[in-house]
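Each residue of the sequence shown is one higher than the one before, starting from 0 at the first, in numbering that gives the first Met the number 0.
For every residue, glycine included, the Cβ atom is placed at its ideal position computed from N, Cα and C.
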Amino acid sequence: MATLTDAKRLVVKIGSALLVDRETGQLKSDWLRSLAEDVAMLRDNGTEVTLVSSGSIALGRRVLHLPEGELPVEQSQAAAAVGAIRLARAYEDVFTPHGKITAQVLVTLDDSTNRRRYLNSRATLDTLLSLGAIPIVNENDTIATDEIRYGDNDRLAAQVAVTVGADQLILLSDVDGFYNGNPHVDPSAKRFEVVEEITPEIQAMAGLGVSGLSKGGMITKLLAAKVASEAGCDMAITLGSPLNPLKQLMEGCNSTWFKAQTDPHSARKNWISAMKPKGEIRIDEGAARALAEGNSLLPAGVIGVSGRFGRGDPVAISGPDGARVGFGLTRYTAEETRKLRGHQSDEIEKVLGYKGRASLVHRDDMVV
0 MATLTDAKRL VVKIGSALLV DRETGQLKSD WLRSLAEDVA MLRDNGTEVT
50 LVSSGSIALG RRVLHLPEGE LPVEQSQAAA AVGAIRLARA YEDVFTPHGK
100 ITAQVLVTLD DSTNRRRYLN SRATLDTLLS LGAIPIVNEN DTIATDEIRY
150 GDNDRLAAQV AVTVGADQLI LLSDVDGFYN GNPHVDPSAK RFEVVEEITP
200 EIQAMAGLGV SGLSKGGMIT KLLAAKVASE AGCDMAITLG SPLNPLKQLM
250 EGCNSTWFKA QTDPHSARKN WISAMKPKGE IRIDEGAARA LAEGNSLLPA
300 GVIGVSGRFG RGDPVAISGP DGARVGFGLT RYTAEETRKL RGHQSDEIEK
350 VLGYKGRASL VHRDDMVV
């Protein structure tokens, strides 16, 4: 069975009901401090941690004296704008004593469905993690409408886990695992320790949650598990309300683990290789050897460009004889690539008139 100490990259989802007191609308400061202790301990032990956190609307609505219940879109967005500041400050306050830097990252569904935005989000999160920061990710409720919403943070957390290539995702929930029935209404319901595969029978067991502050239920958690496991990420559901919930999970508290069906690296490569190329980049022998050795594609090795493609689009990579040597997601448009052909990376700003990324196709976005 997986444990948190196995994780190199970990994503933790935190719902509104865990962060905000339902009666007073105030932040649960003691609980948040205990979570920070857990995350700081994991970070000190070498695990890169990203938090996906709700709470901005729940915090902001009381400040603006908004009523209980479902809010109109405009009022939800206003509450999010007010609450986001308080939420970001709260995370900074609890992590500063541990010497940890936090970063706020706001996203919408468009950021994962649009390849260019997806690659930009991935690069930003990768950089933050490599610099030792703890990203705090939330849906950008101040601008998101129904058409571009994730709609629940279980789904968002799974997508963040895919984006950063996490090997584990933890959903801190109002229930201590996945049951074959709803444990809130059926005392005979039994909890699964491990789910090896999400079968139709498992899907049929999912029910709806009962939390008043959270939009997600067990169905959304199961969908998150499906997305995560297919991307090579183990996922756990565990009770989030006790103090030090991640430490509790490490010490063997009740939970359900959904097993990854592959590893993150292979899953990403399969995703890329399944795309239809929108153009071709032809490279010289030196660049072909560099790719075979696991390096990124640099402008200096390009000898030809064909097709029409934009940033983030899939392109085929061919050697000087025209034989396919790779496939990847480009960081430049076809027009930009033609301009950069044969140039050194330190000449990019001079050629394009602005600073760009050193590689045309990064090795993490390439199948050779």
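From the options, residue whose alpha carbon lies closest to that of residue i
| i | options | result |
| --- | --- | --- |
| A89 | S33, A6, G293, D320 | S33 |
| P134 | E91, R114, V161 | E91 |
| T386 | V226, Q247, P199 | With the chain represented from 0 up to 367, any question about residue 386 goes unanswered, as that position is not in the structure. |
| A223 | D312, L9, L351, L168 | L168 |
| G82 | A315, F94, L65, T95 | L65 |
| R60 | G131, S15, E348, E36 | S15 |
| D5 | M249, R323, P244 | M249 |
| E279 | L328, T107, H342, D125 | L328 |
| D312 | M274, K349, E335 | M274 |
| L31 | N44, L130, L3, A87 | A87 |
| G24 | Q202, I56, Q158 | I56 |
| L100 | E73, R85, V106, G131 | Correcting the residue type first, residue 100 is Ile in the shown sequence and not Leu. Among E73, R85, V106, G131, the Cα nearest to that of I100 is on G131. |
| A230 | E200, L245, T162 | T162 |
| E334 | D363, E47, P298, D364 | P298 |
| R267 | V324, R121, D151 | R121 |
| L435 | I271, A165, D166, S28 | Residue 435 cannot be examined here, being either before or after the span of the chain that is shown, 0 to 367. |
Distance between beta carbons of residue j and residue i, contact taken as under 8 Å
| i | j | result |
| --- | --- | --- |
| A289 | G300 | 7 Å |
| L238 | S172 | 7 Å |
| L9 | L41 | 7 Å |
| S295 | V360 | 6 Å |
| F257 | I197 | 7 Å |
| C232 | A259 | 6 Å |
| S317 | R340 | With 8 Å as the limit, S317 and R340 do not qualify as a contact, their Cβ atoms being about 14 Å apart. |
Beta carbon proximity, residue i to chain B, threshold 8 Å
| i | result |
| --- | --- |
| G303 | Of the chains in the structure shown, none is chain B; there is only one protein chain. |
Neighbour-count burial assignment, residue i, 16 or more Cβ in a 10 Å radius
| i | result |
| --- | --- |
| K220 | buried |
| S213 | Residue confidence is low: S213 scores 37 on pLDDT, short of 50, so the model does not pin down where it sits. Its coordinate-derived value is still stated next. Flag for S213 reads buried. |
| L63 | exposed |
| Y149 | At Y149 the pLDDT is 49, less than 50, meaning the model places this residue with poor confidence; the figure from the coordinates comes in the next sentence. With 16 or more other Cβ atoms within 10 Å, it is buried. |
| Y117 | buried |
| I13 | buried |
| V184 | exposed |
| N139 | buried |
| T126 | exposed |
| E195 | exposed |
| R323 | exposed |
Contact test: residue i Cβ vs the ligand ADP heavy atom, cutoff 7 Å
| i | result |
| --- | --- |
| G278 | The ligand content of the structure shown is nil, which means the ligand ADP is not present either. |
Euclidean distance between Cα positions of residue i and residue j
| i | j | result |
| --- | --- | --- |
| L351 | A291 | 28 Å |
| Y178 | T255 | 9 Å |
| A357 | D110 | 23 Å |
| P182 | K189 | 8 Å |
| S305 | F326 | 14 Å |
| G309 | P241 | 48 Å |
| A156 | D320 | 44 Å |
| P276 | V314 | 5 Å |
| S210 | V174 | The predicted model places S210 with a pLDDT of 41, which falls under 50 and marks its position as unreliable; any figure quoted below should be read in that light. Approximately 10 Å between the Cα atoms of the pair. |
| E69 | A160 | 29 Å |
| N137 | G285 | 43 Å |
| K354 | A77 | 36 Å |
| P244 | R330 | 40 Å |
| N113 | V93 | 34 Å |
| A102 | A287 | 38 Å |
| E73 | R21 | 22 Å |
| E36 | E67 | 32 Å |
| S344 | A39 | 37 Å |
| D364 | L124 | 15 Å |
| E348 | V104 | 27 Å |
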